[in-house]
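In my numbering, the protein residues as written are 232 to 468.
These notes are about the structure you will find just below.
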Ligand code: ATP
Ligand code: MG
């Protein structure tokens, strides 16, 4: 029997923060995952556009996973022009030879509460285990009442538990940082201290490239008539 256990953490990661890293760490430990792939999404046109480009979102994810054993940044969704749908991503892993039982889609309890709205629901639940981790304000125990249709598939993960042989909804209670990308962006825009919300390498990348922070107008350099403003040539789009 195979012992591969691949955790897949999807998200916009605009930017990746400690809550995301805690979520995957909690799941990695509880489920003894052999790999964790962090997969930035290609955001569909009808969703709010991320503030930073896919390039910067991927770079930040790569910096955040650096040095974490078994973790990788995956470009599986960004390398396709089409909007990301988890069901399609899971299908791509099946085509690469992974069995649904080897795949663990990692997700916060807040996001899983909306699973019935996802493309290919309920079929998507047969494509991988869904490992749902609590988020501050969203305990996993609420899910039985929030998604009652799935109560029979839910399994509370406890130490030593033998995992079900068919794809299930695995509920994991764990401590994750009380952070959101929205809160991170707001702090950066206001130039407030980050207080450990970000991996230090991600924070350095953000500062070095001036992401999320409105540019300070440079009054020392007059802009000659007709010349493009320097900031627009080299700054973020
Ligand atoms: P935004 O504020 O833009 O919605 P976010 O911080 O919620 O960003 P997402 O990209 O929406 O991050 O979330 C990706 C995944 O990470 C989701 O499954 C979400 O539930 C989970 N997640 C995000 N933050 C936390 C956290 N602090 N604790 C546990 N899970 C989290
Ligand atoms: Mg969110």
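The beta carbon of each residue, even a glycine, is placed where N, CA and C say it ideally should be.
Query: Contact check, residue 350 vs residue 316, beta carbons under 8 Å; Result: yes
Query: Whole runs of the beta strand (DSSP E) within the region 342-409, excluding any shorter than 3 residues; Result: 360-364, 385-387, 400-403
Query: Three-state secondary structure (DSSP) of residue 339; Result: strand
Query: Outcome for residue 277 when other beta-carbon atoms lying within 10 angstroms are tallied against a minimum of 16; Result: exposed
Query: Beta-bridge partners of residue 301, as assigned by DSSP; Result: Residue 301 pairs with nothing; no bridge assigned.
Query: CB contact flag (residue 188, residue 365, <8 Å); Result: Because the chain in this structure spans residues 232 to 468, residue 188 falls outside the shown range and cannot be described.
Query: Continuous alpha helix (DSSP H) stretch holding residue 431: start and end; Result: 431-440
Query: Proximity below 8 Å, CB of residue 274 to CB of residue 240; Result: no
Query: Below-8 Å beta-carbon distance, residue 410 vs any chain D residue; Result: The chain labelled as chain D is not found in the depicted structure, where only one protein chain is given.
Query: Check: residue 298 C-beta below 7 Å from any heavy atom of the ligand ATP; Result: no
Query: CA nearest to the CA of residue 395, picked from 428, 431, 376, 357; Result: 357
Query: Exposure label - residue 300; buried when at least 16 CB within 10 Å; Result: exposed
Query: Stretch pair the region 286-295 + the region 322-336: three plus CB contacts closer than 8 Å; Result: no
Query: Whether residue 266 touches residue 247 by CB criterion (8 Å); Result: no
Query: Straight-line Cα distance separating residue 422 from residue 428; Result: 14 Å
Query: Three-state class that DSSP yields for residue 266 in the structure shown; Result: strand
Query: Closer than 7 Å: residue 284 CB and nearest the ligand MG heavy atom; Result: no
Query: Pick from 306, 283, 355, 294 that is closest to residue 435, judged by C-alpha positions; Result: 294
Query: Within 8 Å, strictly: CB atoms of residue 381 and residue 400; Result: yes
Query: Nearest candidate by alpha-carbon position, reference residue 283, set 345, 442, 311, 448; Result: 442
Query: Residue(s) in a DSSP beta bridge with residue 328; Result: DSSP output for residue 328 lists no bridge partner at all.
Query: Element boundaries [beta strand (DSSP E), containing residue 239]; Result: 237-242
Query: Reference residue 296; option with closest CA among 249, 332, 383, 387; Result: 249
Query: DSSP state of residue 309 mapped onto helix, strand, coil; Result: coil
Query: beta-carbon residue 330 near the ligand SAM non-hydrogen atom, thresh 7 Å; Result: The ligand SAM is absent from the structure shown, which contains only the ligand ATP and the ligand MG.
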